[in-house]
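Input: a single structure, listed below in C-alpha cells.
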Amino acid sequence: EAAVTQSPRNKVAVTGGKVTLSCNQTNNHNNMYWYRQDTGHGLRLIHYSYGAGSTEKGDIPDGYKASRPSQENFSLILELATPSQTSVYFCASGEGGSGNTLYFGEGSRLIVV
Amino acid sequence: GEQVEQLPSILRVQEGSSASINCSYEDSASNYFPWYKQEPGENPKLIIDIRSNMERKQIQELIVLLDKKAKRFSLHITDTQPGDSAMYFCAASERNAGAKLTFGGGTRLTVRP
Chain A
1 EAAVTQSPRN
11 KVAVTGGKVT
21 LSCNQTNNHN
31 NMYWYRQDTG
41 HGLRLIHYSY
51 GAGSTEKGDI
61 PDGYKASRPS
71 QENFSLILEL
81 ATPSQTSVYF
91 CASGEGGSGN
101 TLYFGEGSRL
111 IVV
Chain B
1 GEQVEQLPSI
11 LRVQEGSSAS
21 INCSYEDSAS
31 NYFPWYKQEP
41 GENPKLIIDI
51 RSNMERKQIQ
61 ELIVLLDKKA
71 KRFSLHITDT
81 QPGDSAMYFC
91 AASERNAGAK
101 LTFGGGTRLT
111 VRP
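So the sequence lines, in the order shown, correspond to chains A and B.
Under our numbering, residues 1 to 113 are what the first sequence spells out, in order.
Under our numbering, residues 1 to 113 are what the second sequence spells out, in order.
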C-alpha cells in the first residue's frame, strides 16, 4: 500500500512566522497534492505537482507556496502564517492521469496563534 | 474550476437501514467520481469510484449511481453497520485537469446500533 508520511504531525506557530510542512512518499508516484480540511469545507486543494520541479496552484493557493525538489518530497510553505491558516493539512500522492487513486498521509494539525 | 456540492452534511441512520449521500458537480467535462471514507482521526481512503462511461457500480454493500445529464452522483450504503460510521467525501475529476480532484464538503454518517 502507498506510504505517505507527513511531518510535523502537530505544530503551533505564531502569527507572522514561517511554517514548513513536509511530505514524503515512497511509491514513486508522479503526482503529489496538498489539501486542507476544515469543517464544512471538506478537502480543498492548495497546491499540487506533476513531478520533481513542478508546482501548480490549486483552488486556494493564496498565502501558500509549494516546493517539489524530488519525486519523493513535496513541501508546503507558509511564509507569513495567519490564524486563518489554522487547519488540518493532508498531503497525498497519486500515479497521475484521470481516475487515479489518491493516497493520503496522516495529516498535520497546524494551529496559528 | 469544478465545484462539487455534497448533501446532507450530517446523516444519522439505524443499523441495518440504508444511507444515501448525494453530490452534484458543475463541469460537464468531469469524468471520474471517487468516494473517500475518513474514520475519526485517520486519513481519507478510497472506497469506490465510477467513471463517466458507467451509470452504476456496486462493491458489496456500496452502490454508486451516476447521472451525467443531471450532473449528479450518489453513494448508497445498504444494510449499514456501526463500522460504517465515518466522514464520507465525494469528488470529481476533470478529464483534462491531470489528476486534480475537487472534493465535496463531506457527510458525517452515524449508524446507531
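We treat Cβ as the ideally placed atom computed from N, Cα and C, and that holds for glycine.
As the structure is a computational prediction, the values presented were derived from the model and not from experiment.
Beta-carbon contacts of residue i that lie in its chain and below 6 Å, excluding the five residues immediately before and after
i: Ala-81 (chain A); result: Ala-13, Gly-17, Val-19 and Val-112
i: Arg-112 (chain B); result: Gln-14
i: Leu-46 (chain B); result: Pro-34 and Tyr-36
i: Thr-110 (chain B); result: Arg-12 and Ser-85
i: Leu-75 (chain B); result: Ile-21, Trp-35 and Val-64
i: Gly-105 (chain B); result: Gln-6
Within-9 Å CB hit, residue i to chain A
i: Lys-100 (chain B); result: yes
i: Tyr-36 (chain B); result: yes
i: Leu-46 (chain B); result: yes
i: Glu-42 (chain B); result: yes
i: Asp-27 (chain B); result: no
i: Gln-60 (chain B); result: no
i: Gly-16 (chain B); result: no
Residue i versus residue j: straight-line alpha-carbon distance, rounded
i: Ser-54 (chain A); j: Glu-2 (chain B); result: 22 Å
i: Thr-101 (chain A); j: Gln-37 (chain A); result: 18 Å
i: Phe-104 (chain A); j: Thr-78 (chain B); result: 26 Å
i: Ser-30 (chain B); j: Asp-67 (chain B); result: 12 Å
i: Tyr-35 (chain A); j: Arg-44 (chain A); result: 5 Å
i: Val-64 (chain B); j: Pro-40 (chain B); result: 23 Å
i: Val-4 (chain A); j: Asp-27 (chain B); result: 30 Å
i: Thr-102 (chain B); j: Ser-93 (chain B); result: 6 Å
i: Arg-51 (chain B); j: Cys-91 (chain A); result: 24 Å
i: Pro-8 (chain A); j: Leu-21 (chain A); result: 7 Å
i: Ile-10 (chain B); j: Thr-39 (chain A); result: 12 Å
i: Ser-75 (chain A); j: Ser-93 (chain A); result: 12 Å
i: Glu-106 (chain A); j: Pro-82 (chain B); result: 23 Å
i: Lys-100 (chain B); j: Ala-91 (chain B); result: 10 Å
i: Ala-19 (chain B); j: Thr-80 (chain B); result: 7 Å
i: Lys-57 (chain B); j: Arg-72 (chain B); result: 14 Å
Residue i at chain B interface by Cβ criterion, 9 Å
i: Gly-42 (chain A); result: yes
i: Asp-59 (chain A); result: yes
i: Thr-26 (chain A); result: no
i: Leu-21 (chain A); result: no
i: Leu-45 (chain A); result: yes
i: Tyr-89 (chain A); result: no
i: Leu-102 (chain A); result: yes
Closest by C-alpha distance to residue i, when choosing among the options
i: Ala-52 (chain A); options: A:Asn-30, A:Lys-65 and A:Asp-59; result: A:Asn-30
i: Tyr-48 (chain A); options: A:Gln-85, A:Ile-77 and A:Arg-9; result: A:Ile-77
i: Ala-86 (chain B); options: B:Thr-107, B:Ala-70, B:Lys-69 and B:Arg-56; result: B:Thr-107
i: Phe-89 (chain B); options: B:Gly-16, B:Ser-24 and B:Thr-80; result: B:Ser-24
i: Lys-65 (chain A); options: A:Gln-71, A:Tyr-33 and A:Gly-99; result: A:Tyr-33
i: Lys-11 (chain A); options: A:Glu-72, A:Ser-87, A:Asn-27 and A:Asn-28; result: A:Ser-87
heavy atom of the ligand NAD below 8 Å from residue i C-beta
i: Arg-12 (chain B); result: As for the ligand NAD, it is missing from this structure, which has no ligand bound.
Spatial neighbours of residue i in its chain, beta-carbon cut-off 7 Å, leaving aside the 5 residues before and after
i: Gln-85 (chain A); result: Gly-63, Leu-78, Leu-110 and Val-112
i: Gln-60 (chain B); result: none
i: Ser-17 (chain B); result: Thr-80
Proximal residues of chain A, C-beta to C-beta of residue i below 8 Å
i: Arg-72 (chain B); result: None at all; the shortest Cβ gap to chain A is about 17 Å.
i: Ser-85 (chain B); result: Within 8 Å Cβ-Cβ: nothing; Ser-85 (chain B) doesn't reach chain A, min ~17 Å.
Proximal chain B residues relative to residue i, where beta-carbon distance stays under 8 Å
i: Glu-72 (chain A); result: Going along chain B, no residue has its Cβ under 8 Å from Glu-72 (chain A), so there is no contact; the nearest lies around 18 Å.
Beta-carbon neighbours of residue i, restricted to chain B and to distances below 7 Å
i: Gly-107 (chain A); result: Asn-43
i: Tyr-64 (chain A); result: The contacting residues do not exist; Tyr-64 (chain A) stays about 16 Å from chain B at best.
Neighbouring residues, chain A, relative to residue i (Cβ below 7 Å)
i: Phe-24 (chain B); result: Correcting the residue type first, residue 24 (chain B) is Ser in the shown sequence and not Phe. Within chain A, no residue comes near Ser-24 (chain B); the closest Cβ sits about 14 Å away, beyond 7 Å.
i: Arg-51 (chain B); result: Gly-99
Cutoff 8 Å; reference residue i; Cβ partners in own chain excluding five residues on either side
i: Ile-60 (chain A); result: Arg-36, Arg-44, Leu-45 and Ile-46
i: Tyr-50 (chain A); result: Asn-30, Asn-31, Glu-56 and Gly-96
i: Pro-83 (chain A); result: Thr-15, Val-112 and Val-113
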